[in-house]
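Asks: I'd like to ask you about the structure that follows.
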Amino acid sequence: MTDLNFRAASLRGILKKGPSSGSTLSEPKLKSKAIAIKEIAPYGDIILELPTSAGIAKLKVASQVLCSASPVFRAMLGPASSFREACELRKMSATAEPYRLVLEDDNPEALAVILLALHCQNKFVPVTISFQNLLDLAIICDKYDCATAVSLWTDIWTKDWKKMAQDAGYEQWLFIAWTFGVEDVFHSLSKKLIMEGHYGTEDSTLFVTKEGFCLDEMLVPEQVMEAIRVQRRVAINSMSCSTLHYQELYTTAWGKPLCKYSPGPTETCDAVILGSIMKGLRSLGLVPDFDKFILKSVSEMQIGINAIRIEFLGTGTAATGSRTYCSYCGNYHCASSNGSNIGPSHASTCSFLPDIHKKIATAVNEIKGLSLADFKRTAGKSAGANTAKWDLFDYK
11 MTDLNFRAAS
21 LRGILKKGPS
31 SGSTLSEPKL
41 KSKAIAIKEI
51 APYGDIILEL
61 PTSAGIAKLK
71 VASQVLCSAS
81 PVFRAMLGPA
91 SSFREACELR
101 KMSATAEPYR
111 LVLEDDNPEA
121 LAVILLALHC
131 QNKFVPVTIS
141 FQNLLDLAII
151 CDKYDCATAV
161 SLWTDIWTKD
171 WKKMAQDAGY
181 EQWLFIAWTF
191 GVEDVFHSLS
201 KKLIMEGHYG
211 TEDSTLFVTK
221 EGFCLDEMLV
231 PEQVMEAIRV
241 QRRVAINSMS
251 CSTLHYQELY
261 TTAWGKPLCK
271 YSPGPTETCD
281 AVILGSIMKG
291 LRSLGLVPDF
301 DKFILKSVSE
311 MQIGINAIRI
321 EFLGTGTAAT
331 GSRTYCSYCG
341 NYHCASSNGS
351 NIGPSHASTC
361 SFLPDIHKKI
371 ATAVNEIKGL
381 SLADFKRTAG
391 KSAGANTAKW
401 DLFDYK
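All you need for our numbering is the position in the sequence shown, starting with 1, plus 10.
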């Protein structure tokens, strides 16, 4: 079974078909028996029925348009389809009555807007919509694989909401960008989620944002979420290994001092540095609870590691002078009265902080975010720039 046939078969599991007349259609329990009819295609050959709490929404459309725009509908209703719905639709074509198809769980307003766009009823297609409306449209286009067919509307619907893509509460923009092929939003938002996604403190199985949104509830395919988790995991492993390397280095350095201070190295310097390292790693939680530490986000880890402070021999505070930040130890030292830094010291010769800060920055900079081109996407979703040419005919 092909992928499209599988999707069509899956869709059939939430469809109910019914003849145009002569039998009773089993309807779900409704709060209202009201009926709303929208003739999108006056001469359409199929009526889509959507049960809602407000009643039943009926949409009269052309099956040829559905099949042309949606590979899913084409697999289920197309002239070459062997599905029961397609066979019964072909039988109904000999009559004057349209075929009836019940669609469960679809948002009727969103489906109607998509169908209006597909049937070129442009004056009835709303231009200004809410973010929830945009999400509902994306859900319909993803379900029926028809985003490419409405791609001319994508910029119109998304233009007012692009600036919100990085804001809390708009995490589902990733799914919208995935469905409609909005590359810039997909790339930037995926990178943000890689940087800020972490596992819950109360439930370590939940992958959440710093605002508490559960990323496991994203509507994007699992392959996208796994790619986000992989980039996060690679960055965290790199940052953790770079940091723990110095703990191991100074722990095993006995008898061979790492101190580089002149006039002579001293193991006392190494011992002071090791103590500072252990104190810093424990304050971060990197040791002894490494398994808990890696539940943090990349951003949290970067801030925490960069906040490590190292004590060195001979870094006491002078009686006078202004306090200046030292990139070697992460502490504040006193400068001499003329503003120049005090001469060579253990801090300036023995510190590893500039090196570790560089490695942490490199690990973060290697987070590239995701690109739509990284994934195999269906033909019904926008796939890159339109390269069609004006010359359509090939005379031979």
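Where a beta carbon is used, it is the ideal one built from N, C-alpha and C, also for glycine.
#1: What's the gap between the Cα of D177 and the Cα of L402?
#2: According to DSSP, simplified to helix, strand and coil, what is P253?
#3: Anyone know if the C-beta pair for L128 and V82 falls short of 9 Å?
#4: Let me make sure I understand the geometry here. Which of T253, K48 and K133 has the alpha-carbon closest to that of R292?
#5: Return the CA-CA distance between P136 and V123, expressed in angstroms with no decimal places.
#6: Between the alpha carbons of L35 and S92, how many angstroms are there, rounded?
#7: Hey, could you find the ends of the beta strand (DSSP E) A67 is sitting in?
#8: Near S309, what residues of its chain come up, given a Cβ to Cβ distance below 6 Å and the 5 sequence neighbours on each side ignored?
#9: Between C156, T189 and Y154, which lies nearest to T168 when the distance is taken from Cα to Cα?
#10: Should Y53 be labelled buried (16 or more other beta-carbon atoms within 10 Å of its own) or exposed?
#11: Cβ of F322 within 9 Å of Cβ of V374?
#12: Hey, I66 and L60 are a contact pair by Cβ (cut 8 Å); roughly how many whole angstroms apart?
#13: Whose C-alpha, out of T278, M228 and N316, is nearest the C-alpha of G290?
#14: Look at the Cβ atom of I370, then the Cβ atom of M249, and state whether they are nearer than 9 Å.
#15: Since A157 contacts G179 with CB under 8 Å, what's their CB separation in whole angstroms?
#16: With distance defined between alpha-carbon atoms, name the residue in A120, H367 and D280 nearest to I318.
#17: Tell whether a beta-carbon distance below 9 Å holds between L184 and V230.
#18: Look at K201 and G314 and say whether their C-beta atoms are less than 9 Å apart.
#19: What is the rounded straight-line gap between the Cα of S198 and the Cα of E212?
#20: Check for me: the alpha helix (DSSP H) holding P108 runs from which residue to which?
#21: Does P118 pass the burial test, meaning 16 or more other C-beta atoms within 10 Å, or should it be called exposed?
#22: Pick helix, strand or coil for E49, following the three-state DSSP scheme.
#23: Any beta-carbon of chain B closer than 9 Å to the one on S307?
#24: For the beta strand (DSSP E) containing I56, list its first residue and its last residue.
#25: Measure how close the beta-carbons of M86 and E95 come, nearest whole angstrom, since I'm counting them as under 8 Å.
#26: Whole angstroms is fine: what's the gap from I238's alpha carbon to V297's?
#27: Thinking C-beta only, is A357 closer than 9 Å to I304?
#28: What number of angstroms, rounded off, separates the C-alpha of R100 from the C-alpha of D152?
#29: Sort I377, T262, A44 and E277 by Cα distance to I246 and report the nearest one.
#30: Nearest-angstrom Cα distance between R110 and N143?
#31: What is the rounded straight-line gap between the Cα of I150 and the Cα of L294?
#32: Can you tell me which of K270, Y154 and M235 puts its alpha carbon nearest to the alpha carbon of D384?
#33: Taking the alpha carbon of Q233 as the reference point, which residue from V71, W400 and K386 has its own alpha carbon closest?
#34: Using only alpha-carbon positions, find the residue among M228, A120 and D280 that is nearest to D146.
#35: Is the beta carbon of K48 less than 9 Å from the beta carbon of L76?
Replies: Looking at the coordinates:
#1: Working through the sequence shown from its first residue, we reach residue 177 at position 167. Working through the sequence shown from its first residue, we reach residue 402 at position 392. C-alpha separation (whole angstroms): 44 Å.
#2: As a working note, residue 253 is residue 243 in the sequence shown. Before going further, note that residue 253 is Thr rather than Pro in the sequence given. DSSP places T253 in helix when its eight states are reduced to three.
#3: By one-based count along the sequence shown, residue 128 stands at place 118. By one-based count along the sequence shown, residue 82 stands at place 72. Cβ distance not < 9 Å, so L128 and V82 don't count as in contact.
#4: Walking along the sequence shown from the start, residue 292 turns up at place 282. Closest by alpha carbon: T253.
#5: Within the sequence shown, residue 136 is the residue found at index 126, counting from 1. Within the sequence shown, residue 123 is the residue found at index 113, counting from 1. Their backbone Cα atoms lie some 8 Å apart in a straight line.
#6: One-based indexing of the sequence shown puts residue 35 at position 25. One-based indexing of the sequence shown puts residue 92 at position 82. Below a pLDDT of 50, predicted positions are generally treated as unreliable, and L35, at 35, falls in that range; the measurement from the model is reported next regardless. So the two alpha carbons sit approximately 23 Å from each other.
#7: As a first step, residue 67 must be located in the sequence shown, where it is residue number 57. First-last of the beta strand (DSSP E) with A67: G65 to V71.
#8: On the sequence shown, residue 309 is found 299 positions in, with the first residue counted as 1. The answer, listed in chain order, is M205 and E206.
#9: Indexing the sequence shown from 1 puts residue 168 at position 158. Nearest of C156, T189 and Y154 to T168, Cα basis: T189.
#10: As a position in the sequence shown, residue 53 is number 43, starting the count at 1. Answer is exposed; the Cβ neighbour count stays below 16.
#11: For this step, residue 322 is matched to residue 312 along the sequence shown. For this step, residue 374 is matched to residue 364 along the sequence shown. Contact flag unset, no.
#12: The residue labelled residue 66 in the question sits at position 56 within the sequence shown. The residue labelled residue 60 in the question sits at position 50 within the sequence shown. Between L60 and I66 the Cβ distance is about 7 Å, and since that is below 8 Å, they are a contact.
#13: Taking the sequence shown and counting its residues from 1, the one referred to as residue 290 is at position 280. It is N316.
#14: As a working note, residue 370 is residue 360 in the sequence shown. As a working note, residue 249 is residue 239 in the sequence shown. Yes, the pair counts as a contact, with Cβ atoms nearer than the cut-off.
#15: Here residue 157 is taken as the residue at index 147 of the sequence shown, counted from 1. Here residue 179 is taken as the residue at index 169 of the sequence shown, counted from 1. So it is not a contact: roughly 23 Å between Cβ atoms.
#16: In the sequence shown, counting from the first residue as 1, residue 318 sits at position 308. If we check each option's Cα against that of I318, H367 comes out closest.
#17: What you label residue 184 is simply residue 174 of the sequence shown in a count that begins at 1. What you label residue 230 is simply residue 220 of the sequence shown in a count that begins at 1. Yes, the pair counts as a contact, with Cβ atoms nearer than the cut-off.
#18: Residue 201 sits at position 191 when you count from the first residue of the sequence shown. Residue 314 sits at position 304 when you count from the first residue of the sequence shown. Their beta carbons are not under 9 Å apart, which means K201 does not touch G314 by this criterion.
#19: Along the sequence shown, one-based indexing puts residue 198 at 188. Along the sequence shown, one-based indexing puts residue 212 at 202. So the two alpha carbons sit approximately 29 Å from each other.
#20: Here residue 108 corresponds to residue number 98 of the sequence shown, with the count starting at 1. P108 -> no alpha helix (DSSP H), and no H or E assigned at all.
#21: Residue 118 sits at position 108 when you count from the first residue of the sequence shown. Flag for P118 reads buried.
#22: Counting from one through the sequence shown, the residue named residue 49 turns up at place 39. Note: E49 maps to strand in three-state DSSP.
#23: Checking the listed chains, one finds no chain B in this structure; it contains a single protein chain.
#24: The sequence position of residue 56 within the sequence shown is 46, counting from 1. That run of the beta strand (DSSP E) goes I56 to T62.
#25: The residue given as residue 86 occupies position 76 in the sequence shown. The residue given as residue 95 occupies position 85 in the sequence shown. Yes, M86 and E95 are in contact; Cβ-Cβ is about 6 Å, under 8 Å.
#26: As a working note, residue 238 is residue 228 in the sequence shown. As a working note, residue 297 is residue 287 in the sequence shown. Spanning the two alpha carbons is a distance of roughly 26 Å.
#27: Taking the sequence shown and counting its residues from 1, one reaches residue 304 at position 294. Taking the sequence shown and counting its residues from 1, one reaches residue 357 at position 347. Contact: no.
#28: Taking the sequence shown and counting its residues from 1, the one referred to as residue 100 is at position 90. Taking the sequence shown and counting its residues from 1, the one referred to as residue 152 is at position 142. Their Cα atoms are separated by approximately 27 Å.
#29: Locating residue 246 in the sequence shown gives position 236, where the first residue counts as 1. The shortest Cα separation from I246 among I377, T262, A44 and E277 belongs to I377.
#30: The residue given as residue 110 occupies position 100 in the sequence shown. The residue given as residue 143 occupies position 133 in the sequence shown. Roughly 26 Å separates the two Cα atoms.
#31: For the purposes of this step, residue 150 is taken as residue 140 along the sequence shown, with counting starting at 1. For the purposes of this step, residue 294 is taken as residue 284 along the sequence shown, with counting starting at 1. When rounded, the distance between both Cα atoms is 45 Å.
#32: For this step, residue 384 is matched to residue 374 along the sequence shown. D384 has its Cα closest to that of M235, out of K270, Y154 and M235.
#33: Reading the sequence shown from its first residue, position 223 is the one you call residue 233. The residue with the shortest Cα to Cα distance from Q233 is K386.
#34: Within the sequence shown, numbered from 1, the residue matching residue 146 stands at position 136. Answer by Cα proximity: A120.
#35: Working through the sequence shown from its first residue, we reach residue 48 at position 38. Working through the sequence shown from its first residue, we reach residue 76 at position 66. Not in contact: K48 and L76 (Cβ atoms no closer than 9 Å).
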